[in-house]
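Here is the structure we will look at, set down as structure tokens.
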Amino acid sequence: MFGSRGRKAIEQNSVAVLEGFHNTVEDDLGEISDRDATIMFAGWLHYSIALLVQSGQLKVGEIPAALQAGALAVRSAAPDHGLGHSYIEVAQNRIFEAMREANGSPIWPFLYHAAASEDLRVSEAAFAGALMRETEAVARMR
-14 MFGSRGRKAI
-4 EQNSVAVLEG
6 FHNTVEDDLG
16 EISDRDATIM
26 FAGWLHYSIA
36 LLVQSGQLKV
46 GEIPAALQAG
56 ALAVRSAAPD
66 HGLGHSYIEV
76 AQNRIFEAMR
86 EANGSPIWPF
96 LYHAAASEDL
106 RVSEAAFAGA
116 LMRETEAVAR
126 MR
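Heads up: the sequence shown runs through residues -14 to 127, numbered per the numbering used here.
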């Protein structure tokens, strides 16, 4: 597999991260929800890409491949999300707006939850906690 360390990390971990979000949703709701897990995953994916580009571990030219790896993970591990084929790209605006509003603060998952709340059933605490846990793992790669 060719590519930077960041690209490899996203390609190798996307399905496992998405499955972890499924577990969080199931613990919170008592059932699996591809929709909620996919929304959480989109947040993780875009935040991870931004963090990895900023730290020099992902090249800007590799962003499309990283997004494709995320889309493949969703197709294989959350096929019943019902959000449409372009949800990962559509979610980018919500996530980056939450990140801008947070201005470097770790509250961005709460802001993202608020922006996506009409599509979610999972609680804010479970949502934000899982996103913080998974994005901290990416931050430790630095």
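Virtual Cβ for every residue (Gly too), placed ideally from N, Cα, C.
Residue range 109 to 124 is occupied by the alpha helix (DSSP H) that includes ALA110. With respect to ALA62, VAL0 sits close: the two C-beta atoms are nearer than 8 Å. Annotation: the region -10 to 20 contains the following complete segments of the alpha helix (DSSP H) (minimum length 4 residues), in chain order: -10 to 14.
A residue is called buried once 16 or more other Cβ atoms fall within 10 Å of its Cβ, and GLU121, having fewer, is exposed. Apart from the 5 residues on each side of it in sequence, ALA83 sits with its Cβ closer than 7 Å to the Cβ of TRP93, LEU96, TYR97, ALA100 in its chain, given in chain order. Remark: three or more beta-carbon pairs, one from each stretch, lie closer than 8 Å, so the region 112 to 121 and the region 3 to 18 are flagged as touching.
By the neighbour-count criterion, in which a residue is buried when 16 or more other Cβ atoms sit within 10 angstroms of its Cβ, LEU57 is exposed. Of all alpha-carbon atoms in ALA124, LEU30, LEU3, the one lying nearest the alpha-carbon of ARG20 is that of LEU3.
Around the C-beta of ALA27, 16 or more other C-beta atoms lie within 10 Å, and the residue is accordingly described as buried.
SER61 carries a helical assignment under DSSP once its states are collapsed to helix, strand and coil.
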